[in-house]
Amino acid sequence: MVKFLAKLLSAVLMMTLSFWTTHSLAQDGPPDIVKITNQGYIDIAMIGSDNAPFVSVKDGQLVGIDVDLAKSIAAALGVQPRFDRSAKSFDDVIEMVRDGKADIGLSKLSRTAARARIVAFSNPYVILRHALLFNRLALAQKSRGTDIGDYVRNFSGTLGVIEKSAYATFAKVYFPKAKLIALKNWQAVIDAALNGTIDAGYRDEFAVRAVAFDHPETSIDLRAITINDARSAISVVVAWDKPMLLAIVNQAIDDRPSKMTADDVMTMYRASIKVEGEH
Amino acid sequence: MMQKILKLMLSPLVLLPIVVLAVYVGIKFPSFGITLSPVGSYYISLMKLIVLPYLFVTITLGIARVASNPKAAEYIRRIVFTYPVALVFVAFCGLGMALLLPPAGYGDAKSMAALGNMVNGNLSSEHGATDDAISLNKSSSDVGPVGLKILDRFVPSNIFAALSEGDTLKVVIFCIIFGAAMAKDIDGQTEDLFDLFKVVQSACVQVISWFTLMLPFALFSMVAAQVATVGVGPLLSLAPFMMTQIGDSILLIALSVVIVSLRANISPWKGAIALRETFTLALTTQSVVACIPTAIREMTTKLGFSTAGVDLLMPLGTTICRVASTQYFVIGAIFAAQIYGIEMDFSKYAMVIVFSVAAGVASSGSSGAVTVVLISIVLDALHLPSEAIIPLLIAVDPIVTMFRVFLLVLGTCATTSIIIPRSKSKHQTVGPTTALSAAE
Numbered sequence: 006m007v008k009f010l011a012k013l014l015s016a017v018l019m020m021t022l023s024f025w026t027t028h029s030l031a032q033d034g035p036p037d038i039v040k041i042t043n044q045g046y047i048d049i050a051m052i053g054s055d056n057a058p059f060v061s062v063k064d065g066q067l068v069g070i071d072v073d074l075a076k077s078i079a080a081a082l083g084v085q086p087r088f089d090r091s092a093k094s095f096d097d098v099i100e101m102v103r104d105g106k107a108d109i110g111l112s113k114l115s116r117t118a119a120r121a122r123i124v125a126f127s128n129p130y131v132i133l134r135h136a137l138l139f140n141r142l143a144l145a146q147k148s149r150g151t152d153i154g155d156y157v158r159n160f161s162g163t164l165g166v167i168e169k170s171a172y173a174t175f176a177k178v179y180f181p182k183a184k185l186i187a188l189k190n191w192q193a194v195i196d197a198a199l200n201g202t203i204d205a206g207y208r209d210e211f212a213v214r215a216v217a218f219d220h221p222e223t224s225i226d227l228r229a230i231t232i233n234d235a236r237s238a239i240s241v242v243v244a245w246d247k248p249m250l251l252a253i254v255n256q257a258i259d260d261r262p263s264k265m266t267a268d269d270v271m272t273m274y275r276a277s278i279k280v281e282g283e284h
Numbered sequence: 225m226m227q228k229i230l231k232l233m234l235s236p237l238v239l240l241p242i243v244v245l246a247v248y249v250g251i252k253f254p255s256f257g258i259t260l261s262p263v264g265s266y267y268i269s270l271m272k273l274i275v276l277p278y279l280f281v282t283i284t285l286g287i288a289r290v291a292s293n294p295k296a297a298e299y300i301r302r303i304v305f306t307y308p309v310a311l312v313f314v315a316f317c318g319l320g321m322a323l324l325l326p327p328a329g330y331g332d333a334k335s336m337a338a339l340g341n342m343v344n345g346n347l348s349s350e351h352g353a354t355d356d357a358i359s360l361n362k363s364s365s366d367v368g369p370v371g372l373k374i375l376d377r378f379v380p381s382n383i384f385a386a387l388s389e390g391d392t393l394k395v396v397i398f399c400i401i402f403g404a405a406m407a408k409d410i411d412g413q414t415e416d417l418f419d420l421f422k423v424v425q426s427a428c429v430q431v432i433s434w435f436t437l438m439l440p441f442a443l444f445s446m447v448a449a450q451v452a453t454v455g456v457g458p459l460l461s462l463a464p465f466m467m468t469q470i471g472d473s474i475l476l477i478a479l480s481v482v483i484v485s486l487r488a489n490i491s492p493w494k495g496a497i498a499l500r501e502t503f504t505l506a507l508t509t510q511s512v513v514a515c516i517p518t519a520i521r522e523m524t525t526k527l528g529f530s531t532a533g534v535d536l537l538m539p540l541g542t543t544i545c546r547v548a549s550t551q552y553f554v555i556g557a558i559f560a561a562q563i564y565g566i567e568m569d570f571s572k573y574a575m576v577i578v579f580s581v582a583a584g585v586a587s588s589g590s591s592g593a594v595t596v597v598l599i600s601i602v603l604d605a606l607h608l609p610s611e612a613i614i615p616l617l618i619a620v621d622p623i624v625t626m627f628r629v630f631l632l633v634l635g636t637c638a639t640t641s642i643i644i645p646r647s648k649s650k651h652q653t654v655g656p657t658t659a660l661s662a663a664e
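Those protein sequence lines, which keep their order, are chains A and B.
For the first sequence, the positions run 6 to 284 when the numbering used here is used.
For the second sequence, the positions run 225 to 664 when the numbering used here is used.
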């Protein structure tokens with residue numbers, strides 16, 4: 006009888022213990038993860054405008070490097086991705102994550118010091134060199150036969166950037182003497198460089214190369230100059246108080262088969278344009 | 225017999241159908257056209273093989289004869305006067321033609337896109353590479369004084385190196401110095417050396433006539449390969465530029481024939497016929513040195529200009545009096561200015577003329593793409609982006625260079641005929657017609 010009681014007691018004890026353990030893991034696990042797994046989806050902020058091959062809509066479907074990465078992060082969490090494309094600028098995406106309106110943000114976002122003060126950045130999933138898109142004529146007339154490298158290092162002309170983008174910040178660091186002009190979007194920057202209202206546009210090498218690919222006629226008037234030692238680390242943005250989520254994002258990035266370069270991005274871009282052209 | 229075969233080989237009735245067929249093959253079967261390119265380059269290589277020894281003895285003989293002539297000072301005066309005048313004259317002709325026939329044309333969107341692709345190198349590279357990469361963290365680079373670098377090309381240090389590299393300019397300068405020394409007739413034995421040189425010279429001429437038998441085959445493969453390499457796209461989008469270039473060249477070539485004929489006291493038509501083989505070679509071989517022996521032969525035997533003068537002035541003129549490059553640079557600069565919509569005023573036109581003549585002088589002894597790149601001397605002075613214009617010019621250069629060589633050879637015939645004193649040419653030969661029949 007005593008034996009039986011002891012057995013019963015130990016069984017009850019075991020059950021309570023095991024129940025308590027599982028219960029406590031679900032209840033008190035990392036809160037940033039628990040919230041997402043409980044709701045069954047992850048909120049992902051993305052810029053509203055298409056930006057192939059990172060994010061674009063094809064046949065009503067969101068596709069691109071950023072979309073694929075977001076899906077693999079959601080899969081690592083065992084939940085569904087939910088995309089929110091209400092952001093109008095790159096900085097809007099950052100702010101949505103900061104304000105808790107989204108769990109993570111992806112939009113070919115570059116790490117900058119200013120942004121890193123308000124949100125956490127993952128490891129980079131693409132590294133792109135910076136590049137300038139010069140008006141050829143303005144460059145020839147203003148550099149006056151001096152070495153192009155010297156001219157760019159001391160660049161003091163007008164420099165066009167996309168407003169509220171990382172390059173608005175980078176420009177102040179790398180080209181302190183330049184007169185900055187913030188324009189609405191990349192097309193506005195290209196147009197301004199073409200008609201000479203700015204001396205150069207400033208963005209990453211992929212965006213600059215794509216101009217010559219999309220509009221070969223502009224190569225007569227525009228000259229691309231890549232900067233070897235200024236790089237943008239394209240990363241995922243996570244709220245500062247979600248360390249476990251950041252770890253999962255980093256793991257999803259590290260699990261990718263290889264690091265992407267500008268050449269890979271350009272190849273994907275050409276492929277995506279080609280497919281669209283065939284439709 | 226040999227002469228008859230040669231004549232047949234070089235007759236337009238044989239060569240013209242070959243060119244037409246080659247253009248057709250180049251367009252229709254570009255990959256086959258490109259595989260033919262070695263045949264053409266073998267021909268040019270063989271010509272160059274014999275032309276350098278030929279040039280060496282010919283120029284040395286020429287300068288020695290001129291220098292031992294009591295009228296040597298007169299010669300030098302005429303050269304110093306004629307060459308700069310000829311360069312400035314062709315520069316103005318180029319400018320006039322460029323204003324008459326705008327080399328940039330009226331670019332539509334499609335041809336601008338084709339030009340853009342050429343500038344960008346998209347045609348060949350997979351990713352559409354950016355033009356340049358620089359580093360921000362680098363101290364300012366030191367660029368030495370550029371001004372004197374042009375002179376480097378004129379000062380020979382090693383005649384064997386110059387010969388082995390085919391550096392015509394330095395060879396010419398060495399021959400001038402050496403020939404002038406020989407004219408001094410130090411031990412009274414120079415005549416023996418002259419005789420030796422004459423033997424070498426006629427042997428070279430013999431070899432050249434053998435190689436000329438290859439010309440129809442070489443011509444076919446060269447033209448087919450060129451058309452195949454250039455492709456039809458660039459030819460169409462740069463058609464206005466090529467029209468201006470070719471138009472100006474043809475005008476100046478016609479003028480050259482008239483000048484030569486006037487100096488030889490015959491009608492321009494007869495003059496053109498007398499220079500027939502030079503015409504064919506100049507238009508087809510794209511190599512100035514390959515044309516010089518034939519031009520010298522026709523200028524002396526058929527047109528009756530003095531051997532001493534022609535032997536010296538044909539190689540000298542083609543090397544330093546670069547009429548074709550000068551007019552090419554003028555038209556190229558106007559082309560660039562029009563592409564970029566630059567307002568041209570009197571001072572800018574003056575700059576184009578001055579810098580094109582300077583670039584023409586700098587192009588002494590160069591050929592092909594090296595010549596084209598020198599247009600940056602003019603474009604940099606005008607602050608135009610040469611890095612975008614040069615790829616465009618190089619894309620169509622295989623065609624344009626034919627006319628540059630043609631103009632340079634004929635233009636040099638013209639300057640040569642102007643420099644050689646008229647009285648002497650009359651005195652030395654009985655008459656052009658007799659000389660012509662004597663040669664055959």
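Beta carbons: idealized from backbone N, C-alpha and C, even for Gly.
All figures in this text were calculated on a predicted structure; none of them were measured in a lab.
Residue span of the alpha helix (DSSP H) that contains residue i, given as start and end
| i | result |
| --- | --- |
| residue 602 of chain B | 600-605 |
| residue 151 of chain A | Here residue 151 of chain A belongs to no alpha helix (DSSP H), and DSSP marks it neither H nor E. |
| residue 42 of chain A | 36-44 |
| residue 341 of chain B | 333-344 |
| residue 441 of chain B | 439-454 |
| residue 138 of chain A | Where residue 138 of chain A is concerned, there is no enclosing alpha helix (DSSP H), although the beta strand (DSSP E) it sits in stretches over 131-140. |
| residue 269 of chain B | 261-292 |
| residue 194 of chain A | 191-200 |
| residue 318 of chain B | 296-324 |
| residue 543 of chain B | 531-544 |
Spatially closest choice to residue i from the options, by CA coordinates
| i | options | result |
| --- | --- | --- |
| residue 116 of chain A | A:241, A:176, A:193, A:263 | A:241 |
| residue 137 of chain A | A:92, A:156, A:146, A:119 | A:156 |
| residue 476 of chain B | B:627, B:586, B:568, B:645 | B:627 |
| residue 57 of chain A | A:35, A:219, A:170, A:236 | A:219 |
| residue 226 of chain A | A:195, A:71, A:236, A:245 | A:195 |
| residue 267 of chain A | A:180, A:250, A:232, A:247 | A:232 |
| residue 587 of chain B | B:541, B:616, B:561, B:570 | B:541 |
| residue 676 of chain B | B:633, B:564, B:418, B:273 | Nothing about residue 676 of chain B can be reported from this structure: the residues present for chain B run from 225 to 664 only. |
| residue 260 of chain A | A:176, A:77, A:184, A:82 | A:77 |
| residue 493 of chain B | B:504, B:501, B:506, B:478 | B:478 |
| residue 616 of chain B | B:441, B:457, B:250, B:268 | B:457 |
| residue 612 of chain B | A:162, A:45, A:144 | A:144 |
| residue 623 of chain B | B:396, B:449, B:401 | B:449 |
| residue 583 of chain B | B:545, B:274, B:398 | B:545 |
| residue 433 of chain B | B:585, B:275, B:589, B:489 | B:275 |
| residue 256 of chain B | B:445, B:563, B:645, B:636 | B:445 |
| residue 177 of chain A | A:149, A:163, A:148 | A:163 |
Inter-residue CB distance, residue i and residue j (contact presumed, cutoff 8 Å)
| i | j | result |
| --- | --- | --- |
| residue 524 of chain B | residue 327 of chain B | In fact, because the Cβ distance is near 37 Å, the residues do not count as touching under 8 Å. |
| residue 356 of chain B | residue 153 of chain A | 6 Å |
| residue 87 of chain A | residue 52 of chain A | With 8 Å as the limit, residue 87 of chain A and residue 52 of chain A do not qualify as a contact, their Cβ atoms being about 16 Å apart. |
| residue 235 of chain A | residue 134 of chain A | 7 Å |
Unbroken beta strand (DSSP E) run spanning residue i, endpoints
| i | result |
| --- | --- |
| residue 232 of chain A | 227-239 |
| residue 66 of chain A | 66-68 |
| residue 356 of chain B | 356-358 |
| residue 89 of chain A | 85-92 |
| residue 564 of chain B | Per DSSP, residue 564 of chain B belongs to no beta strand (DSSP E) and is neither H nor E. |
| residue 209 of chain A | 205-209 |
| residue 187 of chain A | 184-188 |
| residue 632 of chain B | Here residue 632 of chain B belongs to no beta strand (DSSP E); instead the alpha helix (DSSP H) covers 621-643. |
Chain-ordered neighbours of residue i on chain C, where CB pairs are closer than 8 Å
| i | result |
| --- | --- |
| residue 340 of chain B | In the displayed structure, chain C is absent; the protein chains listed are A and B. |
Members of the stretch 230-246 of chain A near chain B, C-beta cut-off 8 Å: 230, 231, 232, 233, 234, 235
Given a limit of 9 Å on CB to CB distance, which residues of the stretch 185-202 of chain A reach chain B? none
Selection of the stretch 568-597 of chain B by Cβ proximity to chain A, strictly under 8 Å: none
Beta carbons nearer than 9 Å to chain A: which residues of the stretch 262-288 of chain B have them? Answer set for the stretch 262-288 of chain B: empty.
Where the stretch 148-180 of chain A meets chain B: residues whose CB sits under 7 Å from a CB there: When C-beta distances to chain B are compared with 7 Å, the residues of the stretch 148-180 of chain A below that value are 149, 150, 152, 153, 154, 155, 157, 158, 179, in chain order.
Counting only runs that start and end within the stretch 463-507 of chain B, where is the alpha helix (DSSP H) found for 4 or more residues in a row? 463-487, 492-498
Would you list, in chain order, the members of the stretch 110-122 of chain A that have their beta-carbon closer than 9 Å to a beta-carbon of chain B? none
For the stretch 483-498 of chain B, which residues have a beta carbon sitting closer than 9 Å to at least one beta carbon of chain A? Cβ contacts with chain A: none found.
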